[in-house]
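Note that numbering that gives the first Met the number 0 has the sequence shown beginning at 0, numbered continuously upward. Note that beta-carbon positions come from the ideal geometry of N, C-alpha and C, so glycine has one too.
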Amino acid sequence: MNHFFNAQSALKRVVQLSVRLSEGGAAGVARNLANELESHGVESPFAYGYGPHGKDSPLAHRGETVRITSKATAAFNRLSYEYRGKDSSLLSSQANDNLAAEFEAADVIHLHILHSYFIGTETLFDLIKASGKPVVWTLHDQWIMTGRCAQPGTCRRWTTGCQTCPNLAAYPPARVDQAGRRWTERRRLISDLQASVPTAIVACADWLGDEAKLAGIDNVEVIKNSVDREFWDSATHATIAEPHTGPPRNLFICRDLRDANKVDWEFLERVAGNKGQSLTIVGDNAPGKPGNVEIIPSTNDRAELARIFRRHDRLIFTSDVDYYPLTIAEGLAAGIEVFAMDSRAAREFRGNPLLHILPSKESLADVLQLPHSPPDVALLDPARAYFDPARMTEEYLRLYARLVS
Numbered sequence: 000m001n002h003f004f005n006a007q008s009a010l011k012r013v014v015q016l017s018v019r020l021s022e023g024g025a026a027g028v029a030r031n032l033a034n035e036l037e038s039h040g041v042e043s044p045f046a047y048g049y050g051p052h053g054k055d056s057p058l059a060h061r062g063e064t065v066r067i068t069s070k071a072t073a074a075f076n077r078l079s080y081e082y083r084g085k086d087s088s089l090l091s092s093q094a095n096d097n098l099a100a101e102f103e104a105a106d107v108i109h110l111h112i113l114h115s116y117f118i119g120t121e122t123l124f125d126l127i128k129a130s131g132k133p134v135v136w137t138l139h140d141q142w143i144m145t146g147r148c149a150q151p152g153t154c155r156r157w158t159t160g161c162q163t164c165p166n167l168a169a170y171p172p173a174r175v176d177q178a179g180r181r182w183t184e185r186r187r188l189i190s191d192l193q194a195s196v197p198t199a200i201v202a203c204a205d206w207l208g209d210e211a212k213l214a215g216i217d218n219v220e221v222i223k224n225s226v227d228r229e230f231w232d233s234a235t236h237a238t239i240a241e242p243h244t245g246p247p248r249n250l251f252i253c254r255d256l257r258d259a260n261k262v263d264w265e266f267l268e269r270v271a272g273n274k275g276q277s278l279t280i281v282g283d284n285a286p287g288k289p290g291n292v293e294i295i296p297s298t299n300d301r302a303e304l305a306r307i308f309r310r311h312d313r314l315i316f317t318s319d320v321d322y323y324p325l326t327i328a329e330g331l332a333a334g335i336e337v338f339a340m341d342s343r344a345a346r347e348f349r350g351n352p353l354l355h356i357l358p359s360k361e362s363l364a365d366v367l368q369l370p371h372s373p374p375d376v377a378l379l380d381p382a383r384a385y386f387d388p389a390r391m392t393e394e395y396l397r398l399y400a401r402l403v404s
């Protein structure tokens, strides 16, 4: 224990690095961690690629941030990825110097999402190796395992080398199949990084860690995500007295309601037709408006999102493409029941008394027609305690301390 605290006291600066600062679950986790580290007296600047439409991130003014990728470079990287299967080595001298300076000043470099037209992997790893600083790389998807895409879905060709890609539309999309060549190259780069500096590979879910091990990536650890501090404080600021006993108030959340991998609009219309119930949908780009439905635009106000959760009794979750869905974590942290279609991601939360996993959308629809039975009040606080950001931060602090020692 003394060894841990001695090493932690030597930890002064951890740089977070990810393609986006304000968009996506991985960016949210990285921002959450950076903010928590700051509260522990550890500086944690955020180096990111670009914001919406290639511009600065709308959150760039919050805390210490460094933008790496210009709009022109991101556009060129996209072309490079589509035809060559990898980002270009293009990086302005100023961006190169800024990133090198960040790495030199850090005690630990924490990598998150490295794909999506951000920075050439060789360029990035060369800068890391030149700094000699230890690395934590948190996996939020499967990009590290494949030769091309980040979310292979049911495709298993990454286990044997991605010789040919059956779905060039899988994100990030490609026009020319270079997956086999890049699979070999990517593993060489990762092995070289691990041999050059102390490196810890961290999966955000048990099943993702198992997949990484199957891909031949050694010593994978698992640290599951928490919700962010602002959401947590708002969701838990008051003791839950008696749960709502009236008609069920259902909630569905997805930032982009056009995403067919996460949103089944016909299913939501069916739920909206349940008599004696209400349905609130939070998200943008709704393809319609079923009767008896309130549609709320997506929000970056975390406290407001927590209040939306707490005004409802049940969260509906139908996506089968997530890795460790923060929407489920947020629902459980807010103390409401979660009804999810079976998936490897939903199973990460098994054992939580507020979670109900159903084998199909048909069975999920049937259960949602039943009257609402409020959970036991005594279960609520224990059911949400795991998602406290202090838990995730403590686990990363221990990992950082081990690396710097």
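{"Item": "Where the beta strand (DSSP E) through D255 begins and ends", "Value": "R248 to D255"}
{"Item": "Integer Cβ distance of F386 from A332, believed to fall under 8 angstroms", "Value": "4 angstroms"}
{"Item": "Residue burial classification, T120 (beta-carbon count within 10 angstroms, cutoff 16)", "Value": "buried"}
{"Item": "Cβ-Cβ separation, S38 to A29 (assumed contact under 8 angstroms), whole Å", "Value": "At roughly 15 angstroms, the Cβ-Cβ gap does not stay under 8 angstroms, so A29 and S38 are not in contact."}
{"Item": "First through last residue of the beta strand (DSSP E) which encompasses I405", "Value": "The structure shown does not extend to residue 405, since the chain is modelled only from 0 through 404, so no value can be given for it."}
{"Item": "Helix, strand or coil at M340 according to DSSP, with G and I counted as helix", "Value": "strand"}
{"Item": "Inter-residue Cα distance where the pair is A204 and V221", "Value": "6 angstroms"}
{"Item": "Where the beta strand (DSSP E) containing G282 begins and where it ends", "Value": "S277 to D283"}
{"Item": "Through-space distance from D209 to I335, alpha-carbon basis", "Value": "29 angstroms"}
{"Item": "N- and C-terminal bounds of the beta strand (DSSP E) containing S17", "Value": "V13 to S17"}
{"Item": "Buried versus exposed, by CB contacts within 10 Å (16 or more), K54", "Value": "exposed"}
{"Item": "Residue nearest to Q368 in terms of C-alpha spacing, selected from I189, P247, S115 and D125", "Value": "P247"}
{"Item": "Residue from A59, E42, R12 and R181 with nearest C-alpha to S21", "Value": "A59"}
{"Item": "Residue range of the beta strand (DSSP E) that includes R66", "Value": "T64 to R66"}
{"Item": "Three-state secondary structure assigned by DSSP to T326", "Value": "helix"}
{"Item": "Alpha helix (DSSP H) segment containing W231, residue limits", "Value": "R228 to T235"}
{"Item": "Secondary structure of A384, DSSP reduced to three states", "Value": "helix"}
{"Item": "Residue environment, F3, which counts as buried when at least 16 other CB atoms sit within 10 Å", "Value": "Because the pLDDT of F3 is 49, which lies under 50, any placement of that residue in the model is unreliable, and the number read from its coordinates should be weighed accordingly. Classification for F3: exposed."}
{"Item": "G146 vs R185 beta-carbon contact at 8 angstroms", "Value": "yes"}
{"Item": "Residues bridged to E293 [DSSP beta-bridge criterion]", "Value": "T279"}
{"Item": "Paired residues, beta bridge with T137 - DSSP", "Value": "V201"}
{"Item": "N-terminal and C-terminal residue of the beta strand (DSSP E) that R77 is part of", "Value": "Where R77 is concerned, there is no enclosing beta strand (DSSP E), although the alpha helix (DSSP H) it sits in stretches over K70 to R83."}
{"Item": "Exposure of H236, with buried meaning 16 or more beta-carbon neighbours within 10 Å", "Value": "exposed"}
{"Item": "Nearest-angstrom Cβ-Cβ length linking Y322 and V135, presumed shorter than 8 angstroms", "Value": "No, Y322 and V135 are not in contact; Cβ-Cβ is about 17 angstroms, not under 8 angstroms."}
{"Item": "For T122, the nearest candidate out of V107, K85, A104 and W157 (CA to CA)", "Value": "K85"}
{"Item": "Simplified DSSP state of K132, which is helix, strand or coil", "Value": "coil"}
{"Item": "Buried versus exposed, by CB contacts within 10 Å (16 or more), Q276", "Value": "buried"}
{"Item": "Separation of V403 from K11, as counted between CA atoms", "Value": "11 angstroms"}
{"Item": "For N97 and P286, the rounded distance between their alpha carbons", "Value": "43 angstroms"}
{"Item": "Endpoints, beta strand (DSSP E) assigned at E303", "Value": "It is not in any beta strand (DSSP E) - E303 instead sits in the alpha helix (DSSP H) that spans R301 to R309."}
{"Item": "N- and C-terminal bounds of the beta strand (DSSP E) containing A333", "Value": "Segment: none, A333 is in no beta strand (DSSP E) and carries neither H nor E."}
{"Item": "DSSP state of E42 mapped onto helix, strand, coil", "Value": "strand"}
{"Item": "N-terminal and C-terminal residue of the alpha helix (DSSP H) that R313 is part of", "Value": "Note, R313: premise wrong, no alpha helix (DSSP H); beta strand (DSSP E) at R313 to F316."}
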